Amino acid sequence: MNRNTGILIIAVIVIVIIGALAAFMMPSAETATASQTLMVINNNAPDHWAKSVVVMENVTKKDGSITNVYVESWKEPSTGQSVVNLTKELGYDNEALPAGTTFRMKMWSEPYSANSTGEVNMNLSLNGGDENHIDNETTKFDIIASHVLYQLPADITQGKTEITLDAAKGAAFLEGMNTIYVEVIVTVNADGSVTITPVTQPVLCELIAGMYCVN
């Protein structure tokens, strides 16, 4: 075996080892277990993107402290979905939130398009529970309302969901929203489902001082 062949073999071995280490160290995609409590927002409209900002108020963490959960999501037309894993965000490991857990959920939503203008019919749906219940038609809450289209930002090319417990970042999510507003009460049930009780049906809302809604 000549010197060049030996060097080539060593180089190949090094590349294989580096590739194996990279694969081992790469974080795996996070998946929800069957018992975890999720909240899901779907964009069912075929002709526009949907941006939603959500505040889940006064939710109890596993350590007993009370927090708000803030969410900003962009959802593609027709199939766009935002999933919030409350079990993970509130420190419950793989457990469902305790039966009887209740919180107020406020959501502001706007339609966006890269090419179209004018007014469209927003068609969102809200659901929750464990993986066996998030597609349950009987617990789904539909949000249907007309709103003028906004220009889709150039950097939004795929759906994304950002979640925080930080109030300042949550307030930043809400800045500039002039939007369709809904409010519901969510109650976690013993069977892993949730009950969604409407408080405010879809209404046009202009945010004042970041959090206060004026019709």
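Under our numbering, the first residue of the sequence shown is numbered 3, with each subsequent residue one higher.
Every residue, glycine too, gets a C-beta built ideally from N, C-alpha and C.
Since this is a predicted model, take the numbers as computed values, not measurements.
The C-alpha of S84 lies about 11 Å from the C-alpha of S127.
As for any alpha helix (DSSP H) of minimum length 4 sitting wholly inside the segment 163 to 207, the runs are 169 to 176, ordered along the chain. For the segment 46 to 107, the continuous beta strand (DSSP E) assignments of 3+ residues that do not extend past its boundaries occur at 51 to 62, 68 to 77, 83 to 87, in sequence order. From the listed residues A174, A147, L154, Q160, the smallest Cα separation to V184 is found for A147. Around the C-beta of Q38, 16 or more other C-beta atoms lie within 10 Å, and the residue is accordingly described as buried. In the three-state DSSP reduction, N44 falls in the strand class (E or B). By a beta-carbon distance limit of 8 Å, L40 contacts V86. Their separation comes to about 7 Å. Looking at the backbone, the Cα of A52 and that of S111 are separated by about 7 Å. When secondary structure is reduced to three states using DSSP, L126 falls in the strand class. The three-state reading of DSSP puts A36 in coil, since its state is none of H, G, I, E or B. Contact check for V42 and N129: beta-carbon distance about 5 Å, within the 8 Å limit, so the pair qualifies.
DSSP places P113 within a strand segment (E or B) once states are collapsed to three.
Counting of Cβ neighbours within 10 angstroms places N123 among the exposed residues, the total staying below 16. If you check the CB distance, A169 and N70 come in under 8 Å. Here T89 has Q38, T39 as same chain residues with Cβ atoms under 6 Å from its own Cβ, once five neighbours each way along the sequence are excluded.
If you look at I145, you'll find it in the beta strand (DSSP E) that goes 143 to 150.
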